[in-house]
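*Asks:* First residue of the sequence shown? That's 102 in this note's numbering, and the numbers climb one at a time after it.
Virtual Cβ for every residue (Gly too), placed ideally from N, Cα, C.
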Amino acid sequence: MTILETERLQLRELTLDDLEDFHQILSDPITMQYYEKPFDKEMTTGWIIWCLRNYAEHGFGLWAVIHKQDNRLIGDCGLTIQQVDGIGELEIGYHIHRSYWKRGLATEAAIACRDFVFDQLKKDRVISWMQPDNLASRRVAEKMGMRFEKETTNKHRTISAVYSMTPEDR
102 MTILETERLQ
112 LRELTLDDLE
122 DFHQILSDPI
132 TMQYYEKPFD
142 KEMTTGWIIW
152 CLRNYAEHGF
162 GLWAVIHKQD
172 NRLIGDCGLT
182 IQQVDGIGEL
192 EIGYHIHRSY
202 WKRGLATEAA
212 IACRDFVFDQ
222 LKKDRVISWM
232 QPDNLASRRV
242 AEKMGMRFEK
252 ETTNKHRTIS
262 AVYSMTPEDR
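1) Within the segment 206 to 243, note down every full beta strand (DSSP E) run reaching 3 residues or more, in order along the chain.
2) Contact check, residue 145 vs residue 174 under 8 Å by CB: the rounded distance?
3) How many angstroms separate the CA atom of residue 271 from the CA atom of residue 245?
4) Using 8 Å as the threshold, is the C-beta distance between residue 263 and residue 195 below it?
5) Let me make sure I understand the geometry here. Which of 190, 104, 142 and 203 has the alpha-carbon closest to that of residue 165?
6) Look up residue 115 in the DSSP assignment and say whether it is helix, strand or coil.
7) Would you identify the three-state DSSP class for residue 250, choosing helix, strand or coil?
8) Using a threshold of 8 Å, state whether the C-beta atoms of residue 149 and residue 112 are closer than that.
9) Quick one: grab the DSSP three-state call for residue 160.
10) Please list, in chain order, all residues of the same chain as residue 224 whose beta carbon is under 7 Å from its beta carbon, the five residues on each side excluded.
11) Three or more beta-carbon pairs under 8 Å between the segment 247 to 267 and the segment 175 to 182, yes or no?
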């Protein structure tokens, strides 16, 4: 079932049936260069199970991003709760397979999620955070209207750049 739809994308819940296709994305060393390491199958399975728990607990999570033109799963994008300096923050996160980079697809998916946060969930703030040297993710955050807020230490004890916005920033 489609949760969100844009001109070129459909976002739907991930399922364990997506494991093979999704693992191709999370195991790619270039796509995952800002993670500790590319995911093995067990880590990808755990990621999907975490998303399923988020759907059940919060009514949202990271959703599968389907490219409508070729009906291919090309990544994930959606909402999670992240602990930032001890505060649970609603975050828009995204991973798009590198073969689909530089087409504006991450931005398109993230903007749909941003609008969902403000229009459907009626929240007054949303963030994205990433490693400071992840310039592509920083650009996506800026293109959806976010502004750099601060750098902070994340749960992995590395530095993250935090971007945020309110509905008025759109």
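*Replies:* Answer, in terms of the structure:
1) Within the segment 206 to 243, the complete beta strand (DSSP E) segments at least 3 residues long are 227 to 231, listed from N- to C-terminus.
2) The pair is not a contact, with the Cβ atoms about 12 Å apart (cut-off 8 Å).
3) 7 Å
4) no
5) 104
6) Residue 115 falls in the coil class under three-state DSSP.
7) strand
8) no
9) coil
10) 191 and 218
11) no
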